[in-house]
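Participant: In this text, residue positions in the sequence shown follow my numbering: the first is 259, and each later residue adds one. For glycine and all other residues, C-beta sits at the position ideal for the given N, C-alpha and C. Being a predicted model, the structure only gives us computed values, none of them experimental.
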Amino acid sequence: MSFAQNVLAPWALILTSLLSLSVVVWALWGRPWQVLIEDTALQHRWLGATLAVVLMWQLRAQAVDWLTLHLVFTVLMTLVFKAPLALISNVLINVAMVAIGRNEWMLLGPNVLVTGIIPAAITGTVWRLADRRLPDNLMVFLFACGFFGAALATLVAGLSAVLLITIAGTDPDAIYLAQEYARFLPLLMPSEAFITGMLLSILMVYHPHWVATFNDHRYIDRQ
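Okay, here's the thing in structure tokens:
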């Protein structure tokens with residue numbers, strides 16, 4: 259779920275933009291591009307994945323002009339590349355949406371927050387809990403981080419978007435429709451979870467070293 263046209267109050271646009279900017283600056287502070295510079299293959303995978311998500315975002319359901327429903331893929335990007343590179347990728351994807359006229363530029367901050375920061379934060383939390391407290395098992399990692407993590411991130415991000423419109427919406431009709439759209443979240447959760455889990459399982463079987471959050475020695479070799 260992302261915003262296509264502005265229905266938010268100016269204070270909400272400023273606040274979400276500052277919050278998104280702060281998190282992105284934090285992600286850049288760790289200099290994640292150094293890993294890309296040192297690993298040419300990673301460059302190709304990351305850029306290819308970013309382009310693929312841009313194309314997948316074109317497959318969207320849009321009953322109203324200001325709100326769209328689509329798969330986000332932030333959970334998969336976070337698990338494969340970790341949060342800093344996933345957030346940078348999400349910013350580039352949202353900029354691409356603005357460049358091709360899909361979204362308004364003033365909504366860049368709210369969209370990065372809803373489609374990037376919140377899902378990445380949920381994914382990171384689930385991954386750390388699973389890494390520390392759950393058994394070292396491939397299927398545990400796959401279902402906890404891939405399926406459950408993607409479903410939970412989709413739910414929280416969708417509810418955050420609805421809450422943002424409810425609190426800061428300038429159009430009463432938009433507030434009402436956003437609350438109605440919340441009913442579609444249970445339909446988005448299994449689709450996002452299934453696609454994420456399926457792609458993650460393929461990577462873990464054929465190219466486990468591509469998944470930065472997955473330790474194949476710990477989860478496979480030691481079993």
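State the start and end residues of the unbroken beta strand (DSSP E) segment that holds L325.
Facilitator: In the sequence shown, counting from the first residue as 1, residue 325 sits at position 67. Run containing L325: L325 to L327, per the beta strand (DSSP E) assignment.
Participant: Using only CA atoms, which one of W315, D431 and Q301 lies nearest to T332?
Facilitator: Here the question's residue 332 lines up with position 74 in the sequence shown. The residue with the shortest Cα to Cα distance from T332 is W315.
Participant: Write down the C-beta distance between N348 and G367 rounded to the nearest angstrom, noting that I regard them as a contact closer than 8 Å.
Facilitator: Reading the sequence shown from its first residue, position 90 is the one you call residue 348. Reading the sequence shown from its first residue, position 109 is the one you call residue 367. Incorrect: roughly 12 Å between the Cβ atoms, too far for contact.
Participant: For G427, does the three-state DSSP call read helix, strand or coil?
Facilitator: Numbered from 1 along the sequence shown, position 169 holds the residue referred to as residue 427. In the structure shown, G427 sits in a strand (DSSP, three-state: E or B).
Participant: If you run the structure through DSSP and keep just helix, strand and coil, what is Q263?
Facilitator: Working through the sequence shown from its first residue, we reach residue 263 at position 5. Reduced to three states, the DSSP call for Q263 is coil.
Participant: Between T454 and the ligand GDP, is the CB less than 7 Å from at least one heavy atom?
Facilitator: Absence of the ligand GDP from the depicted structure is noted, as is the absence of any ligand whatsoever, leaving it without description.
Participant: Considering Cα atoms alone, identify which of G455, G416 and E450 is closest to E438.
Facilitator: One-based indexing of the sequence shown puts residue 438 at position 180. Minimum Cα distance to E438 is reached at G416.
Participant: In three-state DSSP terms, what is V521?
Facilitator: There is no way to answer for residue 521, as the model of the chain reaches only from 259 to 481.
Participant: Is it buried or exposed, Y477, if we count other Cβ atoms within 10 angstroms and call 16 or more buried?
Facilitator: As a working mapping, residue 477 is identified with position 219 in the sequence shown. Burial call: buried.
Participant: Quick test of the definition: if touching needs 3 or more C-beta pairs under 8 Å, does the stretch 379-388 touch the stretch 324-338?
Facilitator: Segments in contact, yes.
Participant: Kindly indicate the opening and closing residues of the alpha helix (DSSP H) around T373.
Facilitator: Translated into positions along the sequence shown, residue 373 becomes position 115. Neither: T373 is in no alpha helix (DSSP H) and is coded neither H nor E.
Participant: Start and end of the alpha helix (DSSP H) containing W304?
Facilitator: Taking the first residue of the sequence shown as position 1, residue 304 is located at position 46. Run containing W304: T298 to M314, per the alpha helix (DSSP H) assignment.
Participant: Thinking C-alpha only, which one of Q320, F399, G427 and A285 is nearest F472?
Facilitator: Within the sequence shown, numbered from 1, the residue matching residue 472 stands at position 214. Closest option to F472, Cα to Cα, is F399.
Participant: Considering only DSSP beta bridges, list what V322 is partnered with.
Facilitator: For this step, residue 322 is matched to residue 64 along the sequence shown. For V322, which the question treats as bridged, DSSP gives the partners L325.
Participant: How is N369 classed by DSSP in three states: helix, strand or coil?
Facilitator: Here residue 369 refers to the residue found at position 111 when the sequence shown is read from its first residue. If DSSP states are grouped into helix, strand and coil, N369 belongs with the helices.
Participant: Distance, Cα to Cα, N352 vs S275?
Facilitator: For this step, residue 352 is matched to residue 94 along the sequence shown. For this step, residue 275 is matched to residue 17 along the sequence shown. Taking the straight line joining both Cα atoms gives about 13 Å.
Participant: Have a look at P444, W304, L286 and A262 and flag the residue whose alpha-carbon is nearest the alpha-carbon of V414.
Facilitator: As a position in the sequence shown, residue 414 is number 156, starting the count at 1. Ranking the options by Cα distance to V414, first place goes to P444.
Participant: Between the beta-carbon of L345 and the beta-carbon of H328, is there less than 8 Å?
Facilitator: The residue given as residue 345 occupies position 87 in the sequence shown. The residue given as residue 328 occupies position 70 in the sequence shown. No.
Participant: Take V282 as the anchor and find which of I425, M462, L305 and P342 has the nearest alpha-carbon.
Facilitator: One-based indexing of the sequence shown puts residue 282 at position 24. The option with the nearest alpha carbon to V282 is P342.
Participant: Give me the residue from R386, N395, P377 and W468 with the minimum Cα distance to T412.
Facilitator: Working through the sequence shown from its first residue, we reach residue 412 at position 154. Comparing Cα-Cα distances from T412 to each of R386, N395, P377 and W468, the minimum goes to P377.
Participant: For W363, which residues in the same chain have their Cβ closer than 7 Å to its Cβ, ignoring the five residues on either side in sequence?
Facilitator: Within the sequence shown, the letter at position 105 stands for residue 363. V356, listed in sequence order.
Participant: What do you get for M259, buried or exposed, if any count of 16 or more other CB atoms within 10 angstroms of its CB means buried?
Facilitator: Here the question's residue 259 lines up with position 1 in the sequence shown. Buried is the call here.
Participant: Check whether the stretch 389-399 touches the stretch 416-430, taking contact to mean three or more Cβ pairs, one atom from each stretch, closer than 8 Å.
Facilitator: The stretch 389-399 is not in contact with the stretch 416-430.
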